[in-house]
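Numbered according to this note's numbering, the sequence shown spans residues 5 to 118. Here the structure comes first, spelled out in structure tokens, and everything after it is commentary.
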Amino acid sequence: PAFTVRKIPVGLTEAEAAVLNGAFETSYHGLIHCGGLKAGEVALIHGATGASGLAAVQICSAIGADMIITGGSDEKLDIVEKQCLGKGKVLTKYNYNNPDGVKLSKFVKSQGIK
Numbered sequence: 005p006a007f008t009v010r011k012i013p014v015g016l017t018e019a020e021a022a023v024l025n026g027a028f029e030t031s032y033h034g035l036i037h038c039g040g041l042k043a044g045e046v047a048l049i050h051g052a053t054g055a056s057g058l059a060a061v062q063i064c065s066a067i068g069a070d071m072i073i074t075g076g077s078d079e080k081l082d083i084v085e086k087q088c089l090g091k092g093k094v095l096t097k098y099n100y101n102n103p104d105g106v107k108l109s110k111f112v113k114s115q116g117i118k
């Protein structure tokens, strides 16, 4: 539909703009529309270092929801955490490629999530 048409931001290629729009729409739909996420709540963002994950982090940060983020490297997770410029903050980071780390299910339970 016409309401989904957006202007391509200056400096982006058509392909980059297409991915950006899809990532934010996917994240917004899952977090806000389906999940009903509100300020003060906590979201688990699995794969926070990918396109949809980064969009989810920015949405949570903007509305004031806190986050538990997962990703494939500590370096990438640190970069994601630094992008949280809004009201929400990263509570904990989990590197799922760390062979010495706990399993994700135990990690999430340790954070108080069922």
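All C-beta atoms, glycine included, are put in the ideal place defined by N, C-alpha and C.
Burial check for residue 38: the Cβ neighbour count within 10 Å stays below 16, so the residue is exposed. Cβ neighbours of residue 52 within its own chain (closer than 8 Å, five residues either side excluded): 58, 60, 61, 71, 73, 74, 75, 81 and 84. Distance check between residue 78 and each of 86, 54, 99 and 68 places 99 closest, using alpha-carbon atoms only. Beyond the five residues adjoining it in sequence on each side, residue 66 comes within less than 8 Å, by CB distance, of 90, 91 and 92 in the same chain, given in chain order. Looking at the backbone, the Cα of residue 29 and that of residue 11 are separated by about 15 Å.
Judged by DSSP in its simplified three-state form, residue 98 adopts strand. Residue state for residue 48 is assigned as strand, using DSSP reduced to three classes. The criterion of a C-beta distance shorter than 9 Å is satisfied by residue 47 and residue 35.
The continuous beta strand (DSSP E) containing residue 74 extends over residues 70-75. Cβ contact annotation for residue 45 (same chain, cutoff 8 Å, sequence separation greater than five): 69 and 70, in chain order.
For residue 67, the enclosing alpha helix (DSSP H) starts and ends at 55-67.
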